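What follows is one structure encoded as structure tokens, with my remarks underneath.
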Amino acid sequence: MEDGSPRRTARQPARAGRDGGLSVATVPGPGPASAITAVRGPIPPGDVGVVLAAESLLRAPALARGNAGIPASDAEFRRAPVTIDVLGRLLMGAENFEDRTIGEPEAAAALLRFRSAAVPAAPAGTEPRSPDGDAIRLLVSLDERDSTGTGDALARVSAASGVEIVRGTAGRFTDGRADGGRTAPDDPESVGLRIIEELGAPVHPAGVVGAIPVRDAHADGGADCIGRADGTACGGRRAADRRSALIRAAADAARRSGAALVLDLSGPGAPGAPVSTNPEPDATPALDRALHRALAAVDSAGLPRHRVLLTGVATAVAGRIGIDGARFDALLDQGTALCFDDLGRIPNVRTVVSDHDIALAILHAAEQGAQERILLSCGIRNRHRLTAFGGNGLEFTVEQFLPYLGMLGADPALQHAVGAANAARILARTAPEETR
0 MEDGSPRRTA RQPARAGRDG GLSVATVPGP GPASAITAVR GPIPPGDVGV
50 VLAAESLLRA PALARGNAGI PASDAEFRRA PVTIDVLGRL LMGAENFEDR
100 TIGEPEAAAA LLRFRSAAVP AAPAGTEPRS PDGDAIRLLV SLDERDSTGT
150 GDALARVSAA SGVEIVRGTA GRFTDGRADG GRTAPDDPES VGLRIIEELG
200 APVHPAGVVG AIPVRDAHAD GGADCIGRAD GTACGGRRAA DRRSALIRAA
250 ADAARRSGAA LVLDLSGPGA PGAPVSTNPE PDATPALDRA LHRALAAVDS
300 AGLPRHRVLL TGVATAVAGR IGIDGARFDA LLDQGTALCF DDLGRIPNVR
350 TVVSDHDIAL AILHAAEQGA QERILLSCGI RNRHRLTAFG GNGLEFTVEQ
400 FLPYLGMLGA DPALQHAVGA ANAARILART APEETR
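The sequence shown: position 282 = 281 (numbering that gives the first Met the number 0), numbered continuously.
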């Protein structure tokens, strides 16, 4: 792979080195306001042709010690290699450490497939103006618990594939794990300062804040709150307050830096997990409470809601079968951007929200005048969802979903909006004073 050094383009001129030769200028941090901050340099939003807005590109789970009280057969399966023989169990959600590990070689190969996928024709007058004449492919790699996507690593993968990458930051730091996993401190002030530092880094800076989970197992009614109907008393109240303080700190850092904030709705479990066919009875009220608290924290930090992106939307609006229209409308009414970030998952008997349901929801949002607030992504966090391991891959949105949306009646302008333009606009950094 290349070393991930910043590209020399019209935005990054060469300069004379000490020996009189030419050397590539180091990218000066996040770049100008109104540009998208990618790990290899700033990008004009108008140059972007397609975006995956909520991925987690490089991952490595923390390995559990011992069997942790699970059956021996399950413990053995967790450590089995990912082969065709185990794909069935993986598709049904079985835990496997190798399946949850995506390294640089796998990520680069997946990005090359994504880059080579044909994009539906853009509406007249919106053709990207990239230096090489091609539409820029952009992917957002969010900062999550099992993420190992440091700036250096993401820059190497970006250079190897030609796909531009926007790095998310949730204020995590490398905690010494051999796999590069990152941990977020509990102190909101430390989180905020860390986020600001990473957004302004001189080399391979972060370009977006998140993903910050809106839910906390204890805040939604943990073990020390059993028997309390409101789910926010005793320890749950304290956990809810801590979560709100953390979100407020992240929102304040986003406002100060002119960056967008990503909040994850998918819950205390792994982001992007399949929607359960048997949700807990209190799951919907708990999510509503958590979202209300989260957006109140965002408002108190002074970050406008149009600078907030909610992920895990399919989980949040799932009904018994398909999407609950009333819940989706209520989520639209919150004024944030919404990302359907689980596209291309191979359906099975546990599937509740299908890609067809999501396509219909997008058409409904367009009818309501909310087409500028819908974003798309595949949300791949497992090897078995990559094309090389039998899945639909990162290219699914471009090759399958957007054309299917067109078959259902979406015009090129709507396809371009949800597939590229909306994300590019939200990712573009603003001057801090513009976000007040």
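Built from N, CA and C at the ideal position, the CB exists for glycine as well.
Owing to the predicted nature of the structure, the values given are computational and were not obtained by experimental measurement.
Check	Outcome
Compute the Euclidean distance between the alpha carbons of L362 and A154, then round it to the nearest angstrom.	36 Å
Using a threshold of 9 Å, state whether the C-beta atoms of A250 and V207 are closer than that.	no
Could you tell me the alpha carbon to alpha carbon distance between A117 and L342, rounded to whole angstroms?	17 Å
Round the Cβ separation of G48 and A409 to the nearest angstrom and send it over; I've been treating them as touching at under 8 Å.	About 17 Å; that fails the 8 Å criterion.
Return yes when the Cβ of F96 is within less than 9 Å of the Cβ of L51, no when it is not.	no
S265: buried (16+ other C-beta within 10 angstroms of its C-beta) or exposed?	buried
Do the segment 325-334 and the segment 344-357 touch if we need at least three Cβ pairs shorter than 8 Å?	no
Let me make sure I understand the geometry here. Which of C338, L90, G199 has the alpha-carbon closest to that of P431?	G199
Could you compute how far the alpha carbon of L141 sits from the alpha carbon of V312?	16 Å
By DSSP, does R247 sit in helix, in strand, or in coil?	helix
Pick helix, strand or coil for D263, following the three-state DSSP scheme.	strand
With three or more C-beta pairs closer than 8 Å as the rule, is the segment 377-397 touching the segment 91-110?	yes
Could you pull out every residue in the same chain whose Cβ sits closer than 7 Å to the Cβ of P44, ignoring the five residues on either side in sequence?	I35, A423, R424, A427
Buried or exposed: where does A365 fall if 16 or more other Cβ atoms within 10 Å of its Cβ makes it buried?	buried
Check the C-beta distance from D151 over to R58 and give it rounded, since I have them as a contact under 8 Å.	16 Å between Cβ atoms; not a contact.
Would a C-beta distance cut-off of 9 Å place R380 and L337 closer than the cut-off?	no
Based on DSSP bridge pairs, tell me the residues matched to R58.	I101, S146
Could you check what DSSP says for I320 in three-state terms: helix, strand or coil?	coil
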